[in-house]
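Chains as they are written, first to last, in the working numbering: chain Z, 33 to 145; chain D, 22 to 136.
Just so it is clear, CB atoms sit at the ideal spot from N, CA and C, and this is done for glycine as well.
In this text the structure is predicted, and so the values were computed from the model without any measurement.
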Amino acid sequence: GESVGLHLPTLSVQEGDNSIINCAYSNSASDYFIWYKQESGKGPQFIIDIRSNMDKRQGQRVTVLLNKTVKHLSLQIAATQPGDSAVYFCAENIEDSSYKLIFGSGTRLLVRP
Amino acid sequence: NAGVMQNPRHLVRRRGQEARLRCSPMKGHSHVYWYRQLPEEGLKFMVYLQKENIIDESGMPKERFSAEFPKEGPSILRIQQVVRGDSAAYFCASSPGGYYNSPLHFGNGTRLTVT
Numbered sequence: 033g034e035s036v037g038l039h040l041p042t043l044s045v046q047e048g049d050n051s052i053i054n055c056a057y058s059n060s061a062s063d064y065f066i067w068y069k070q071e072s073g074k075g076p077q078f079i080i081d082i083r084s085n086m087d088k089r090q091g092q093r094v095t096v097l098l099n100k101t102v103k104h105l106s107l108q109i110a111a112t113q114p115g116d117s118a119v120y121f122c123a124e125n126i127e128d129s130s131y132k133l134i135f136g137s138g139t140r141l142l143v144r145p
Numbered sequence: 022n023a024g025v026m027q028n029p030r031h032l033v034r035r036r037g038q039e040a041r042l043r044c045s046p047m048k049g050h051s052h053v054y055w056y057r058q059l060p061e062e063g064l065k066f067m068v069y070l071q072k073e074n075i076i077d078e079s080g081m082p083k084e085r086f087s088a089e090f091p092k093e094g095p096s097i098l099r100i101q102q103v104v105r106g107d108s109a110a111y112f113c114a115s116s117p118g119g120y121y122n123s124p125l126h127f128g129n130g131t132r133l134t135v136t
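Below, the structure written as structure tokens:
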């Protein structure tokens, strides 16, 4: 299959460990943030989102943290599994162009068995 | 309960040829969004269409690129006289109405290779 982002930053973790993927966003007016997972040869798959009036949101095995002061977003994956191996993108948008997602450059997560 | 469907999955064109990429939105969705992903980069917005209307094409290159979403049938992204720099993955997403603060769900894309 096709590889996405051969030179992306890579995070390598042991299966079962927790993973933390970080993202710095650029626009202080951004009010909605999304994490996507992209496997080789596929489109981005929605994982979790968070609005700017929150600083933390939890899903199944995933947590997103938002620090608006330093414009930083993180995705935490608990008990990382081999199926979590993929490229992860954060995306942001601002109210007055709500359909234009601005994607970050991505992080490749490799899970070692 | 099919998601966004894109075809073809892979498209190879020689320089100077035309490329046509198709996107069938999820059932009941009348809004379509096209994004492009260059190698090693995140997706970048190209165009937002409703049925028979282009709402925002600010992300489209000014020349050679066009998009449509007719009353019947899929949305089409058309690239005329392709060049090697057009090689990329093109993704489509859809929504039932105006999109605001809800996640876009993407198809699996068309990977265009220009030789």
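Asked, Found
"Exposure of D/A40, with buried meaning 16 or more beta-carbon neighbours within 10 Å", "buried"
"Unbroken beta strand (DSSP E) run spanning Z/T139, endpoints", "139 to 144"
"Residues near Z/Q70 by beta carbon distance below 8 Å, same chain, minus five either side", "V36, P76, Q77, A118, V119, Y120, F121, G138"
"Opposing strand residues paired with Z/D81 [DSSP bridges]", "Z/I66"
"C-beta neighbour in chain D for Z/G37, strict 9 Å", "Low per-residue confidence applies at Z/G37: pLDDT is 41, beneath 50, and the placement is therefore not dependable, though the value from the model is reported in the following sentence. It does; some Cβ of chain D falls within 9 Å."
"As assigned by DSSP and simplified to three states, the class of Z/D49", "coil"
"D/D77: first and last residue of the uninterrupted beta strand (DSSP E) it sits in", "74 to 77"
"Collapsed DSSP secondary structure at D/R35 in the structure displayed", "coil"
"Cβ contact check for the stretch 95 to 115 of chain Z and the stretch 44 to 62 of chain D: 3 or more pairs under 8 Å", "no"
"D/H126: contacting residues in chain B (beta-carbon distance under 7 Å)", "As a matter of chain content, chain B is missing from the structure shown, whose protein chains are Z and D."
"Counterpart residues of Z/Q24 in DSSP-defined beta bridges", "This structure gives no information on residue 24 of chain Z, because the portion of chain Z shown stretches from 33 to 145."
"Below-9 Å beta-carbon distance, Z/A123 vs any chain D residue", "yes"
"Per-residue burial, Z/G115 [other beta carbons within 10 Å of its own, 16 or more giving buried]", "exposed"
"Option in D/C44, D/R35, D/N129, D/Y69 with minimal Cα separation from D/D107", "D/R35"
"Cross-strand partners of D/M26 (DSSP beta bridge)", "D/S45"
"In DSSP terms, what D/K65 is bridged to", "D/R57"
"Within 9 Å of chain Z by C-beta, residues of the stretch 64 to 88 of chain D in sequence order", "L64, K65, F66, Y69, I76, D77, S79, G80"
"9 Å Cβ cutoff, D/S108 in contact with chain Z", "no"
"D/N129 at chain Z interface by Cβ criterion, 9 Å", "yes"
"CB contact below 9 Å: Z/D87 versus chain D", "no"
"Three-state secondary structure assigned by DSSP to D/R85", "coil"
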